[in-house]
Amino acid sequence: MKKWLIALLLALPTLTFAQDVLDTGDTAWMMMSTALVLLMTPAGLALFYGGMTRSKNVLNTYAMVFGAFVVAFIVWIVAGYSIAFGTAESASVQNVIGGFSHVMLSGISWNDLSGTYPTYVFVVFQGTFAAITVAIASGSVIERIKFSTWLVFVALWGLVVYAPITHMVWGGDGALLFDAGALDFAGGTVVHMNGGLAGLVLGILVGKRTGYPKIAMKPANVMLTALGAAILWFGWYGFNGGSAFGANAIAGLAFLTTTIATAMAAITWMLAEWVIYKKPTLLGLASGAVAGLVAITPAAGFVDVTGAFILGTVGSLFAFWGVTSLKKKLGYDDSLDAFGIHFLAGLFGALATAFLAVKDNDLLWNGPLKDHGDRMGQFIVQIESVVVVGLFTLVGTVVVYYIATALTGGSRVDEDQESMGLDESVHGEKYINS
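The sequence shown begins at 1 in the numbering used here and counts up one residue at a time.
#1: Decide if F406 is buried, meaning its Cβ has at least 16 other Cβ atoms within 10 Å, or exposed.
#2: Could you round the C-beta distance between F379 and A350 to whole angstroms and report it? I think they count as a contact, below 8 Å.
#3: Leaving aside the five residues before and after Q417 along the sequence, list all residues of the same chain whose C-beta is less than 7 Å from its C-beta, in chain order.
#4: Tell me which residue opens and which closes the alpha helix (DSSP H) that G195 is part of.
#5: Tell me the DSSP bridge mates of S114?
#6: Could you say if the region 32-50 and the region 234-250 meet the contact criterion of at least three C-beta pairs nearer than 8 Å?
#7: Got a sec? Which residues, its chain only, sit under 8 Å from L202 by beta carbon, not counting five neighbours each side?
#8: With burial defined as no fewer than 16 other Cβ atoms inside 10 Å of the residue's Cβ, what is the status of F320: buried or exposed?
#9: Apply the 10 Å Cβ neighbour rule to K370 and answer buried if 16 or more other Cβ atoms are within range, or exposed otherwise.
#10: Could you give the residue range of the alpha helix (DSSP H) that holds N60?
#11: Along the chain, where does the alpha helix (DSSP H) containing M321 start, and where does it finish?
#12: So, is G410 buried or exposed, given that buried needs 16 or more other C-beta atoms within 10 angstroms?
#13: Does the contact criterion of 3 or more C-beta pairs under 8 Å hold for the region 252-260 versus the region 77-93?
#14: Residue ranges of each beta strand (DSSP E) run of no fewer than 3 residues wholly in the region 134-221, ordered along the chain?
#15: With V58 and A216 assumed to form a contact (beta carbons below 8 Å), what rounded beta-carbon distance in angstroms separates them?
#16: Report, in whole angstroms, the separation of the C-beta atoms of W436 and A291, which I expect to be a contact under 8 Å.
#17: In angstroms with no decimal places, state the Cα-to-Cα distance between T24 and G115.
#18: Skipping 5 residues on each side, what residues in its chain have a beta carbon closer than 8 Å to that of E415?
#19: On the three-state DSSP scale, how would you describe D414?
#20: Can you tell which of V314, Y332 and P368 has the C-alpha that lies nearest to the C-alpha of F348?
#21: Pair every Cβ in the region 290-306 with every Cβ in the region 183-190, then say whether three or more of these pairs are closer than 8 Å.
#22: Please determine, among D333, T225 and L197, the residue with the shortest C-alpha to C-alpha distance to G207.
#23: Using a Cβ-Cβ cutoff of less than 6 Å, which residues in the same chain neighbour A500 once the five nearest sequence positions on both sides are dropped?
#24: Rounded C-beta distance between T166 and V190? I'm assuming under 8 Å.
#25: Find out if the Cβ-Cβ distance for the pair N95, G174 is shorter than 8 Å.
#26: Is it buried or exposed, H372, if we count other Cβ atoms within 10 angstroms and call 16 or more buried?
#27: Return the Cβ separation of M104 and V78 in integer angstroms, given the expectation that the two are a contact with Cβ distance under 8 Å.
#28: Just to check my reading of the structure: L441 and S385 have Cβ atoms closer than 8 Å, yes? What is that Cβ distance to the nearest angstrom?
#29: Nearest to T306 by alpha carbon, out of G340, W274 and V358?
Written out as structure tokens, the structure reads:
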């Protein structure tokens, strides 16, 4: 149902449909959902990341997330929304981007509706998604990337990578993966795989932190991370519930599945630590909860209770493996495990949706599963979606990184700044850990 609503009502917001009548309940829910998703970045993710970094870089880490949010949102308003949800004149162009007809929201009036709520609310709602996606990538490069390079990267990446991917998955009729029938309820591919892979690519291109992995790099304050995880969980109800685009039963389903998967993922991570390392940690509980939130995101409005249990449990195990084993084996420096948690759990959730989604046409979007009951066909479409998103993110991130590096005269802080800590050397501030 959500899919045809996007195609009919959101991709062409300047058209007026006789059946479009503002619903105050839907409007209130979408405005509240938008506020919840906004809270996830400059509060939830910033605290989650800030607590895990070393004390000399806490404020820089927070600034990178906060800065990413404000820059990415303005870029979204200027051109990102148009690229993602506009309509291009050429069908071949429409496959990848929506064009530039809505630059600076041109052609959209304050009283236009997207279904049963104002189009402007939809614009802001989707803008918070754009902002948190690039902010996720910061977790892979904290403690060594130049702040100026990061902000330029954020601005360019939002236009070159995030907006086209959003269009391909959610952009309505004519968009590549939308037409193929890819199922992504709230952003498993668009947000989590995208942001997590961009983080890994950045981390490899910028290089490892000095001393990694020989020097112990202990978290500054696990309590901040736990608080950030709790705020993320709170905000995720807007993230997943709001993706039902109204105060309706599908939003209620997303509320339930989100809660189940997150709780199961936290339990799973805790038990895995307990068995393997003999000590369950608060950091592990927080990490597991976020892994569960990520895993359920692409499927929140498609699965039942059983599906939520499976997604939370297995998604958490994938992320746990990525953080504790894969990173060590491959030797990359993913500082705060943006790739291990967001990409791997998002990848599992996106693929598993094909098999765990209930066969209920009132929930499903058009595609092989809904149209023909073909789960293997749906799985092939899900594979296509993760491959397309992965390749587009990989190539786009590399290109944007080198442009940002050229514009800012290098991407990495010097050794003295890194040794001193970026809080003092870059921002002239100091975090006091009491």
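For glycine and all other residues, C-beta sits at the position ideal for the given N, C-alpha and C.
Taking the definition as stated:
#1: Before going further, note that residue 406 is Ala rather than Phe in the sequence given. Exposed, because fewer than 16 other Cβ atoms sit within 10 Å of the Cβ of A406.
#2: Their Cβ separation, rounded to whole angstroms, is 10 Å, which puts F379 and A350 out of contact at 8 Å.
#3: S425 and V426
#4: N194 to V206
#5: Y117
#6: yes
#7: A137, S140, V141, I145, F153, T397 and Y401
#8: buried
#9: buried
#10: V58 to V75
#11: At residue 321 the sequence reads Trp, which differs from the Met that was named. Segment V305 to W321, the alpha helix (DSSP H) holding W321.
#12: exposed
#13: no
#14: none
#15: So it is not a contact: roughly 17 Å between Cβ atoms.
#16: In the structure as shown, the chain starts at 1 and stops at 434, and residue 436 therefore has no counterpart that could be examined.
#17: 12 Å
#18: T210
#19: coil
#20: V314
#21: yes
#22: D333
#23: Coverage of the chain is limited to positions 1 through 434, which leaves residue 500 absent and any answer about it impossible.
#24: 5 Å
#25: yes
#26: exposed
#27: 6 Å
#28: The chain is shown only over 1 to 434; residue 441 falls outside these bounds and no answer can be derived.
#29: V358
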